[in-house]
Amino acid sequence: MSSLLVADTVSKSFGGFTALNGVSIEVPKGSIFGLLGPNGAGKTTLIRIINQITMPDTGHVQLDGAALAQHHIRDIGYMPEERGLYKSMKVGEQVLYLAQLKGLDKSEAKKRAKYWFEKLEIGNWWGKKIQELSKGQAQKIQFVVTVMHNPKLLIFDEPFSGFDPINANLIKDEILQLREEGATVIFSTHRMESVEELCDHIALIHKSNKILDGEINHIKRQYRNNTFEVGVEVDKDAFAKAESQLISKFQTTPAQFKSLGEELKLRIQLGDQGSPNALLQELQSYGQVTHFVEVIPSVNDIFIQTVNQSL
Ligand code: ADP
Ligand code: MG
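Numbering-wise (the working numbering), the sequence shown opens with residue 98 and increments by one.
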């Protein structure tokens, strides 16, 4: 798959402080690319470089095969981390003004604004001033402004901060739909647990360095370690014996899943050679199996593991 955006060994320092240290990413066309890492990692710095707000000290960025240039600004929809709308300007005027800056003529801007305001059910805010809106409401307007000119690349910096869970989900769904319609999306977040289902590619940034990147399913397959959470309904008189047999035979830790019953529950790490089917068969010999699920590492787990490995 070809890349829409390539950042090649991009570095940036502020004074003596290195905010980005030779970071490279490739964002495939049509993907949702998560730029993940704790606060201060360098995510916003990279995003600002892609948007030509900051110049890199070294390294290059290409959009669609061409070196980044001024005219690319129209190809990108960018929602900054510090949301910047004119507080005393009316919502509608502002949306039309910003859409025209991005190259839409006024009637097209009106048509698209109407579409988005209906879609997000915010039509009655048209005549209000931004300062009359809550933070989450202003953010919805900012979202509309970002996507309205149908740019081929959308960049959202911490799009979910400031949204309540319902609106965060709404924005997630909109992002998925934009991808369906052919957009490529980069977004950043420091809250890794909340975004797994959204991205298909990720780059983990830690202290100015990229520590891992790739297709999320591929990364998860690499980090899975043949571990299962199991639950078995065992008769009271056989319970202790079954439990001690399993604990002596396998490497186990307490299960973390919740259940309503009082079954025997364990997290079992099978090791390289262990067979899940053989484990399942063994569990069946103790009683009714109620739970048998592979433990797939979360992006958060993978991040922590990768940071620890690199120390
Ligand atoms: P993130 O978005 O991952 O939280 P940033 O890219 O905003 O991280 O910041 C990375 C580091 O670079 C931080 O330590 C931040 O203080 C520093 N930094 C970012 N921009 C500037 C700037 N304009 N001047 C000085 N330091 C900066
Ligand atoms: Mg940031």
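For glycine and all other residues, C-beta sits at the position ideal for the given N, C-alpha and C.
These numbers were taken from a predicted model, which means no experiment stands behind them.
Output yes or no for whether 7 Å exceeds the beta carbon distance between R171 and G200.
-> Mapped onto the sequence shown, residue 171 falls at position 74. Mapped onto the sequence shown, residue 200 falls at position 103. Their beta carbons are under 7 Å apart, which means R171 touches G200 by this criterion.
Mark V390 as exposed unless 16 or more other C-beta atoms lie within 10 angstroms of its C-beta, in which case mark it buried.
-> Within the sequence shown, residue 390 is the residue found at index 293, counting from 1. Counting the other CB atoms within 10 Å of its CB gives V390 a total below 16, which places it among the exposed residues.
Nearest-angstrom Cα distance between G119 and L295?
-> Taking the sequence shown and counting its residues from 1, the one referred to as residue 119 is at position 22. Taking the sequence shown and counting its residues from 1, the one referred to as residue 295 is at position 198. Their Cα atoms are separated by approximately 26 Å.
With a 10 Å radius around its C-beta and 16 neighbouring C-beta atoms as the bar for buried, classify P351 as buried or exposed.
-> As a position in the sequence shown, residue 351 is number 254, starting the count at 1. Exposed.
Let me know the secondary structure DSSP gives Y175 once reduced to three states.
-> As a first step, residue 175 must be located in the sequence shown, where it is residue number 78. In this structure, Y175 counts as strand in the three-state DSSP scheme.
Using the beta carbon as the reference atom, which residues fall closer than 5 Å to any heavy atom of the ligand ADP, ordered along the chain?
-> Checking every Cβ against the heavy atoms of the ligand ADP under 5 Å gives F111, A116, N136, G137, A138, G139, K140, T141 and T142.
Residue from L182, E312 and A164 whose Cα sits closest to the Cα of K232 | Taking the sequence shown and counting its residues from 1, one reaches residue 232 at position 135. The residue with the shortest Cα to Cα distance from K232 is L182.
Can you name the residues that DSSP bridges to S285?
-> Working through the sequence shown from its first residue, we reach residue 285 at position 188. Per DSSP, L132 and D254.
Terminal residues of the continuous beta strand (DSSP E) containing D310?
-> As a working mapping, residue 310 is identified with position 213 in the sequence shown. Taken as a continuous stretch (DSSP letters only), the beta strand (DSSP E) holding D310 covers N306 to E312.
Simplified DSSP state of R364, which is helix, strand or coil = In the sequence shown, residue 364 corresponds to position 267, counting from 1. Residue state, collapsed to three classes: strand.
Extent of the continuous alpha helix (DSSP H) run through L198 | If you number the sequence shown from 1, residue 198 lands on position 101. Counting along the chain, the alpha helix (DSSP H) containing L198 begins and ends at V188 to L198.
Grab me the residues of G259's own chain with a C-beta within less than 7 Å of its C-beta, minus the 5 sequence neighbours each way, in chain order.
-> The sequence position of residue 259 within the sequence shown is 162, counting from 1. Taken in chain order, the residues that qualify are K232, G233 and Q236.
Find out if the Cβ-Cβ distance for the pair E360, V327 is shorter than 7 Å.
-> The count along the sequence shown starts at 1 and reaches residue 360 at position 263. The count along the sequence shown starts at 1 and reaches residue 327 at position 230. No, the Cβ-Cβ distance between E360 and V327 is not below 7 Å.
Cβ neighbours of F130 in the same chain (closer than 6 Å, five flanking residues each side left out) = Sequence index remark: in the sequence shown, residue 130 carries index 33 (1-based). These residues qualify, in order along the chain: V124, I283 and H298.
Expressed to the nearest angstrom, what Euclidean distance is found between the alpha-carbon atoms of Q66 and G137?
-> Given a span of 98 to 408 for the chain in the structure shown, any question on residue 66 remains unanswerable.
N-terminal and C-terminal residue of the beta strand (DSSP E) that L101 is part of | Here the question's residue 101 lines up with position 4 in the sequence shown. That run of the beta strand (DSSP E) goes S100 to F111.
Residue interval of the beta strand (DSSP E) (run including P373) | Locating residue 373 in the sequence shown gives position 276, where the first residue counts as 1. For P373, no beta strand (DSSP E) encloses it; the enclosing alpha helix (DSSP H) starts and ends at P373 to Y383.
Just tell me which of I122, V107 and S121 has its CA closest to the CA of T115.
-> The sequence position of residue 115 within the sequence shown is 18, counting from 1. The option with the nearest alpha carbon to T115 is V107.
Per DSSP, Q348 forms a beta bridge with which residues?
-> Stepping through the sequence shown from its first residue, residue 348 is reached at position 251. Under DSSP, Q348 takes part in a beta bridge, and its partners are Q366.
Find out if the Cβ-Cβ distance for the pair K109, D161 is shorter than 7 Å.
-> Position 12 of the sequence shown, counted from the start, is the residue given in the question as residue 109. Position 64 of the sequence shown, counted from the start, is the residue given in the question as residue 161. Annotated as distal: K109 and D161, with beta-carbon spacing of 7 Å or more.
Assign N322 to one of three DSSP states: helix, strand, or coil.
-> For this step, residue 322 is matched to residue 225 along the sequence shown. If DSSP states are grouped into helix, strand and coil, N322 belongs with coil.
Tell me where the beta strand (DSSP E) around I122 begins and ends.
-> Walking along the sequence shown from the start, residue 122 turns up at place 25. Element bounds for I122: F114 to P125.
Using the Cα positions of I122 and V331, report the straight-line distance between them to the nearest angstrom.
-> Reading the sequence shown from its first residue, position 25 is the one you call residue 122. Reading the sequence shown from its first residue, position 234 is the one you call residue 331. Whole-angstrom Cα-Cα distance: 51 Å.
Sort T281, L133, S407 and R321 by Cα distance to R288 and report the nearest one.
-> On the sequence shown, residue 288 is found 191 positions in, with the first residue counted as 1. Ranking T281, L133, S407 and R321 by Cα distance to R288 puts L133 first.
Just grab the DSSP bridge partners of I299 for me.
-> Your numbering for residue 299 matches position 202 in the sequence shown. Bridge pairing for I299: G131 and G311 [DSSP].
If you compare alpha carbons, which of A210, I146, Q274 and V404 is closest to K304?
-> Mapped onto the sequence shown, residue 304 falls at position 207. For the residues A210, I146, Q274 and V404, the minimum Cα distance to K304 belongs to V404.
What do you reckon, are the CB atoms on E293 and V396 nearer than 7 Å?
-> Locating residue 293 in the sequence shown gives position 196, where the first residue counts as 1. Locating residue 396 in the sequence shown gives position 299, where the first residue counts as 1. Their beta carbons are under 7 Å apart, which means E293 touches V396 by this criterion.
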